[in-house]
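Okay, structure first, notes after.
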Amino acid sequence: MMRQGRPTNPGEAGNDTLRTFSGHRGLDHEEPLLFEQNSDGRCGVDLPAPAIMPNRLGILARPGAIGLPGLSEPQVVRHFVRLSRKNYAIDSGLYPLGSCTMKHNPRLNEKLARLPGFADLHPLQPISTVQGALELINTLAHWLRVLTGMPAVAMSPKAGAHGELCGLMAIRAALDARGEKRNRVLAPESAHGTNPATAAMCGFSVDPIPADARGRVDLAALKAKLGPDVAAIMVTNPNTCGLFENDIVEMAKAVHDAGGYFYCDGANFNALVGRVRPGDLGIDAMHINLHKTFSTPHGGGGPGAGPVVFSQALAPYAPLPFVVDRGTGFDLIELGADAGDATPFGRMTAFHGQMGMFVRALSYMLSHGGDGLRQVAEDAVLNANYMLASLSDEMSAPFPGPCMHECLFDDSFLKDTGVTTLDFAKAMIDEGYHPMTIYFPLVVHGAMLIEPTETESKESLDQLISVLRNLARAAKSGDLTRFTQAPHFAPRNRLDETRAARTPVLRWRPQE
Amino acid sequence: MTNIFYTQDHEWIRLDGDVGTVGISNYAQEQLGDIVFVELPQPGTKIGQGEEIAVVESVKAASEIYAPVSGEIIDANNALEGAPVTVNEAAESDGWFFKIRLANTSELDGLMDAAAYKTFVEGLA
Amino acid sequence: MRYLPLTQTDRAAMLRTIGVASIDELFVDVPQSARRSEPLDLPPHQGEIEVERMLRAMASKNLAASDAPFFCGAGAYRHHIPATVDHLIQRSEFLTSYTPYQPEISQGTLQYLFEFQTQVAMLSGMDIANASMYDGATACAEAVLMANRATKRRKAILSGGLHPQYRAVTETTAHFAGGIVQAMPAAPDGVEDIIRAIDDDTACIVVQTPDFFGHLRDLRPLAEAAHAKGALLVAVTTETLALGAMLSPGEMGADIFVGEGQSIGVGLNFGGPYLGLFAARAALQRQMPGRLCGETVDAQGRRGYVLTLSAREQHIRREKATSNICTNSGLCCLAFTIHVALLGEAGFTQLATLNHQAAIVLAQALTTIPGVTLLNESFFNEFTLRLPKPAAPVIEALALLGILGGVPVSRLIPDDPGLANLLLVAASETNTDQDRAAFVAALREVLS
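Residue numbers (the numbering used here), protein chains in the order written: chain A, 64 to 575; chain B, 18 to 142; chain C, 1211 to 1658.
Here you go:
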């Protein structure tokens, strides 16, 4: 034991405002589940009547009903539009979730991803009929290699964590090829939870590296932990405190000298794109979240995409499939037997990766160009430092700046106010903002991690700064109900997460 | 003479002959918050001191429970499966996790008594 | 640059507030050797017109399924997607929101996840489903890891009817996680003796139905045999629409169901993003990977939804998590939910029947061609033909005639000469009589 819990009690409801007869509150409509709107005669599609003919299902034909509800098209449209209005979104407001890079999602990318020449392609069509798709993947791979300064990229991983898995599998494969059984991976205490979880999925044990007083990896402690059983270090850079690991080149050298590899969690590449190439830092593998740095939409939690760039040492082990440019056309290598000199460690997904995300990311890259992407990193870093400088006197920053693309605060400015980080975050909801990332990273108490991104204007930042300063002052002045009962003005007050976990109700069932 | 001992991992063990009843301390349940699930060991399991033997989950945290002593599990508090809240309400009595037949009572020498544990917890604040 | 709101005046004012003279001073922590001042060898920024022109040029080099008589399947299926689906998933509030970590302002996402979980549980006949995985293949690999955890065993037996890429992903994943995978040889006629392979170290058997070759598999004797040895049955379906026509995996005794949800609402997308379906018996809920949405109440007692049982997941459990997965396939999951809502009971089963009948008609027509035989007794909307010559060049020849005539088995299983002549053909409600006639005529010509 023990990892500290955090407050989850829903507490008391806010002021009992006017109860409407309908339950709706103006534009905020209560919406029953689809299953509660069933009418057996309704259907939202028109299909031709099936023929009368024998089937080929044998004894396995479905004997009973599925239980799905029947709704007409207008009912379905209204249902989902009403649900949509219960969500916060980047399109409606600043979304300062640290480590998540909630930037503007250009609609050009959506339009182009829907071209039938991309969206309506089957993954196993003859290669001669998908030359443009392979060209797109190859072009995106080229941009990723140039931006990172790394010689190879695996395009198929489906998300950041999937990319991490890809990177560690390649490391395991490289070690196997060397005939070495190294089973320890070193990762900072501040790491994303995916890092240790991924390492464990590859059979590695995870050994935490302590941080120093500056919020960075303690280089001496890292060196002391290196040894012949260390397979790799996994380090996020910029790290989860929003700080650049300024000893990173020495860290890379130390791990290489010890015979291990350097995996970099690239979640925060938005701070570096166009300005710093991971290939110049001694990194062996790094995933790139296309849904962060390259603006493919987060979609309520996915789908993302997590291509992985590799150093020369790991490149031969990159997984299937991959695209090769034959000069006369593009080919897709789907089988180990066709991989030539390469020795792919296996396959991570059916088919070839997140094509829909590739189109969007390339559209974004082409729009920005090399010059624009560099400006992205600079403006992202400028915005975060502006927040840090404008809030440091009212809130408490555990580490001095400059930060990179996000700035970290702890809860010491709330000490003895009776207001927790969670309360503070919920009060932001009433002010019209999505809260920042809270209680992460774990290395500072009551963490609040703010990532404004480069797509916020100065006016927008100034408004958020003003709100946060006012809230900090209100907390210190004892204005408790503003916090402990928050949010007052959301579609729901705080939800009872304890009840949800103690007696899980994970699906609707018809009333008996 | 005391018959309850504590570990630095916040487990307690109450001794009755060569059988110890094990749970987590009141301090531990406060730190974890609302307990939502407890994974208990199967009776018959043999376990060494300090090895993982159970898991306790709250909404936002999970923690392994380590065997405070070596021995064989002889009983588990299955009532917790339906009522994990008991751990919050009575961590050091009805909220016990399992009973273990001690293999080596001298292992208790390395544990804290109630007074020492109280001092230990105060030092953590 | 149109996506960047800061002006030079803003930047100068902000640098003054920060107290630095230039942006370079904010990058002081970057080692000198890694600071780049020269521009990268990449083209400069461009307007919408130019970018659209470039990507349209690439798109135009492809033969879209909508521009050809189309009969490909093998794990990815084309169906008509109602216009409503794409309209709704492009709502800003769905498209540009994050994971619902703040439930008070994410009830829209959470409620549809709850509805999605219910739909998947109903379709598969299982107790519960999660909020989706990356795709069917990764869901299959996760099911094997889950079975290992739940049974405290390490061996998975994969049916020879499992999609070869699902097999490859599962083998790769299990290999690195310390599991053992025993894959049965490809079973093009749908017959194999999995039961004999089950032993006391077997955590699960993994069986696809309809299988890779299109055969419907009766899972009931397999479930019984697995359970008798203390092993689990993992059922796999790559064409979710089949669940509208056949006995569900849950009814046949499956312990875990995984599937590819792409065929409902998501589209082909050249292989991704897709939608992994993952469902299980309730007793296994704490071993599940991925996000779960659950019902609860708010402080005023109103019904609401939250992500729950999070202590299984990486952000809390870290190296002891049930998986490293940290996302789901959110927007694809929404598209699926909307499409299933539009179809409803009547539409889903009717669409399944139409697909099945389209396949029956197509199989009859194609087997009138001399030398072409059908391998399947049973099938849903996809079946395997044996051609009188290797299938791969035949498909290339058909493509030159503007017809996407299926997937040669050798594309996925290249090393078995006995399978070289086999062709997987899928039918759907999108095929017209003209499409079918064109396909039959062209295949007749190419084979003659």
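For glycine and all other residues, C-beta sits at the position ideal for the given N, C-alpha and C.
All values reported here derive from a predicted model rather than from experimental measurement.
For my contact list, residue i and residue j are in at a C-beta cut-off of 8 Å; report their separation, rounded to the angstrom.
i: residue 162 of chain A; j: residue 512 of chain A; result: 6 Å
i: residue 476 of chain A; j: residue 535 of chain A; result: 6 Å
i: residue 1507 of chain C; j: residue 1513 of chain C; result: 6 Å
i: residue 65 of chain B; j: residue 87 of chain B; result: 5 Å
i: residue 74 of chain B; j: residue 53 of chain B; result: 6 Å
i: residue 1561 of chain C; j: residue 1639 of chain C; result: 6 Å
i: residue 1394 of chain C; j: residue 1378 of chain C; result: Not really, about 14 Å apart at Cβ, beyond 8 Å.
i: residue 1288 of chain C; j: residue 185 of chain A; result: 7 Å
i: residue 46 of chain B; j: residue 138 of chain B; result: Contact doesn't hold; Cβ gap of about 12 Å is too wide.
i: residue 1338 of chain C; j: residue 569 of chain A; result: 5 Å
i: residue 1351 of chain C; j: residue 1397 of chain C; result: The Cβ separation is near 20 Å, so there is no contact.
I'd like to know whether the C-beta atoms of residue i and residue j end up nearer to each other than 9 Å.
i: residue 1590 of chain C; j: residue 1634 of chain C; result: no
i: residue 515 of chain A; j: residue 450 of chain A; result: yes
i: residue 1382 of chain C; j: residue 218 of chain A; result: no
i: residue 1228 of chain C; j: residue 335 of chain A; result: no
i: residue 1349 of chain C; j: residue 1463 of chain C; result: no
i: residue 223 of chain A; j: residue 347 of chain A; result: no
i: residue 190 of chain A; j: residue 197 of chain A; result: yes
i: residue 194 of chain A; j: residue 1272 of chain C; result: yes
i: residue 561 of chain A; j: residue 76 of chain B; result: yes
i: residue 1400 of chain C; j: residue 1586 of chain C; result: yes
i: residue 1604 of chain C; j: residue 1614 of chain C; result: no
i: residue 1543 of chain C; j: residue 1322 of chain C; result: yes
i: residue 1231 of chain C; j: residue 1340 of chain C; result: no
Going by DSSP, which residues form a beta bridge with residue i?
i: residue 1614 of chain C; result: C:1280
i: residue 1316 of chain C; result: A:150
i: residue 137 of chain B; result: DSSP, once it has assigned bridges, lists no residue as partnering residue 137 of chain B.
i: residue 80 of chain B; result: B:73
i: residue 394 of chain A; result: A:387
i: residue 1385 of chain C; result: Paired residues: none, contrary to the question.
i: residue 373 of chain A; result: A:215 and A:348
i: residue 426 of chain A; result: Answer by DSSP bridge pairing: none, since residue 426 of chain A is not bridged.
i: residue 1451 of chain C; result: DSSP lists no partner for residue 1451 of chain C.
What is the DSSP secondary structure of residue i, reduced to helix, strand or coil?
i: residue 1504 of chain C; result: strand
i: residue 1272 of chain C; result: strand
i: residue 115 of chain A; result: coil
i: residue 145 of chain A; result: helix
i: residue 470 of chain A; result: strand
i: residue 388 of chain A; result: strand
i: residue 1601 of chain C; result: helix
i: residue 1643 of chain C; result: helix
i: residue 1368 of chain C; result: strand
i: residue 1512 of chain C; result: coil
i: residue 1291 of chain C; result: coil
i: residue 125 of chain A; result: coil
i: residue 1523 of chain C; result: coil
i: residue 63 of chain B; result: strand
Let me make sure I understand the geometry here. Which of the options has the alpha-carbon closest to that of residue i?
i: residue 376 of chain A; options: A:236, A:390, A:246 and A:137; result: A:236
i: residue 247 of chain A; options: A:255, A:487, A:530 and A:261; result: A:261
i: residue 1493 of chain C; options: B:107, B:98, B:125 and B:128; result: B:98
i: residue 1555 of chain C; options: A:404, A:105, A:266 and A:92; result: A:105
i: residue 359 of chain A; options: A:228, A:419 and A:429; result: A:419
i: residue 1522 of chain C; options: A:138, A:257, A:363 and A:571; result: A:257
i: residue 415 of chain A; options: C:1347, C:1553 and C:1461; result: C:1347
i: residue 56 of chain B; options: B:49, B:72 and B:22; result: B:72
i: residue 146 of chain A; options: C:1532, C:1313, C:1265 and C:1421; result: C:1313
i: residue 1410 of chain C; options: C:1440, C:1473 and C:1429; result: C:1440
i: residue 90 of chain A; options: A:148, A:83, A:134 and A:113; result: A:148
Does the distance between the C-beta of residue i and the nearest non-hydrogen atom of the ligand MG fall short of 8 Å?
i: residue 467 of chain A; result: In the structure shown, the ligand MG is absent, as is every other ligand, since no ligand is present at all.
Got a sec: is the Cβ-Cβ distance from residue i to anything in chain F below 9 Å?
i: residue 316 of chain A; result: Checking the listed chains, one finds no chain F in this structure; the protein chains it contains are A, B and C.
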